[in-house]
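*Asks:*
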Amino acid sequence: MKIDSQNTSHTAQVTQSSSIQSEAKSTSQTTTAQPNPETKGTVALMTQWFAQIGVSLPYQGLRANSIESRVQKRQKIAAQRKLTNIESVFEKALKFCIEDGKNERLDPDWFYNFVNMAEEIHSPAMQELWGKIFAVETNRPGSFSLRTLLILKQLTHKDAQTFRRAVFLSSRRKGDTTPKILTGFYQQPSILAVFRLRKELQLNLATFGLSYPDLLSLIDLGLIHQTEIESGEWPINTEVEWRSNGQTFHLNAKKQGTTLKYFKFTTSGAELFTLVGANKQDKYLEALKLTLNNAFVIS
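Take the sequence shown: its letter number 91 is residue 85 in the numbering used here, and every next letter is one higher.
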């Protein structure tokens, strides 16, 4: 499964179990008189959302139940919703088939923190992601830190889609586990050409579906480092292998003073990176090679 699980409408997100629906409906009916049947639009939508958690407003000053009974009803619905959420995550975790790993015991602190966070995940698409994380962590303890879980808890489905697009534009140097989004290069001028401007070329990532606001969003979430990074001077006569979504290419700097430019994933971003399947981006890779060809021999 991938982060890009089928998008789910608002209605599907809030109707997770028939038991919760019946409790919410019961609360709405017993705590208030029925609203004006002509109520439509935004007011109706807001009313429907709050009904899912057992909250409704009085009409014509009527209150059928005491505050204590309404609180109990609200707490019961909340507990049922949390249970339904964690059951859904567990069910989805069981569907992933993962090869035997370290055969180590799962950290109890990690597990109980995971449960406390996962029970607040309502979107089926995100529940599937949390299920996969639990399956991987159970098989290979230490794959996902608690910090990564805290970041993941903040992710909406839209955020996950943005992160997915970033992963599809990423590359990893051979022997390096941290992915990077290569954007271009620059070359320092030689001593004989010291008054010339340095040569620099860079891709516009927005052309390939990752806009600057998208990058800022991923930076704010702690998935990508804050600024674009410039590598150290690239060695000449040294071929370095890179891999991008299953496609391999090699870079060999033509001149001294050549530096790669890229956005680098954080530790948490690199951990979540492993959950996204490969998806070839031929147009991006072609444009990247065309740009880097000005400074590198590419094979």
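Each residue gets a CB set at the ideal place from its N, CA and C atoms; glycine is no exception. Quantities reported herein were computed from a predicted structural model and do not represent experimental measurements.
List the DSSP bridge partners of residue 247.
*Replies:* According to DSSP, which records beta bridges pairwise, residue 247 is partnered with 230 and 290.
*Asks:* Helix, strand or coil for residue 8 per DSSP?
*Replies:* Because the pLDDT at residue 8 is just 36, under 50, the model does not fix this residue reliably, and the point stays unresolved.
*Asks:* Which ranges would you report for the beta strand (DSSP E) in the stretch 138 to 211 if only whole runs of at least 3 residues count?
*Replies:* Whole beta strand (DSSP E) segments, 3+ residues: 174 to 181 and 193 to 196.
*Asks:* Measuring alpha carbon to alpha carbon, tell me which residue in 127, 293, 168 and 243 is nearest residue 89.
*Replies:* Measuring from the Cα of residue 89, the nearest candidate turns out to be 127.
*Asks:* Could you tell me which residues DSSP pairs with residue 237 in its beta bridges?
*Replies:* In the DSSP output, where bridge partners are listed per residue, residue 237 has 166 and 242.
*Asks:* Do residue 179 and residue 195 count as a contact pair if the criterion is CB distance below 8 angstroms?
*Replies:* A contact, by the Cβ cut-off of 8 angstroms.
*Asks:* Within the continuous alpha helix (DSSP H) that includes residue 266, where are the two ends?
*Replies:* Per DSSP, residue 266 belongs to the alpha helix (DSSP H) from 261 to 267.
*Asks:* Counting along the chain, where does the beta strand (DSSP E) carrying residue 254 start and finish?
*Replies:* Element bounds for residue 254: 252 to 258.
*Asks:* Where residue 22 and residue 240 are concerned, what is the direct C-alpha to C-alpha distance, given to the nearest angstrom?
*Replies:* Summary for residue 22: the model assigns pLDDT 40, below 50, so the residue's position carries little reliability, and this model does not support an answer.
*Asks:* Give me the Cα-Cα distance between residue 230 and residue 248, rounded to the nearest whole angstrom.
*Replies:* About 6 angstroms.
*Asks:* Can you look up residue 54 in the DSSP assignment and give me helix, strand or coil?
*Replies:* In this prediction, residue 54 has a pLDDT of 38, which is less than 50 and means its spatial position is unreliable; nothing more can be read from the coordinates.
*Asks:* Assign residue 223 to one of three DSSP states: helix, strand, or coil.
*Replies:* Strand.
*Asks:* Cα separation between residue 278 and residue 163?
*Replies:* If you take the alpha carbons of residue 278 and residue 163, they lie about 7 angstroms apart.
*Asks:* At which residues does the alpha helix (DSSP H) containing residue 87 begin and terminate?
*Replies:* Element bounds for residue 87: 61 to 87.
*Asks:* Would you mind sorting residue 83 into buried or exposed? The rule is 16 or more other CB atoms within 10 Å of its CB.
*Replies:* Per the 10 Å Cβ criterion, buried.
*Asks:* In terms of DSSP beta bridges, what is residue 218 paired with?
*Replies:* Partner(s): 259.
*Asks:* Does DSSP classify residue 102 as helix, strand or coil?
*Replies:* Residue 102: helix per DSSP, three-state reduction.
*Asks:* I'd like to know whether the C-beta atoms of residue 216 and residue 260 end up nearer to each other than 8 angstroms.
*Replies:* The answer is yes: Cβ separation under 8 angstroms.
*Asks:* Using the rule of at least 16 other Cβ atoms within 10 Å of the residue's Cβ for burial, across every protein chain shown, is residue 235 buried or exposed?
*Replies:* Residue 235 comes out exposed.
*Asks:* Please state if the CB of residue 218 and the CB of residue 267 are separated by a distance shorter than 8 angstroms.
*Replies:* No, the pair does not count as a contact, with Cβ atoms beyond the cut-off.
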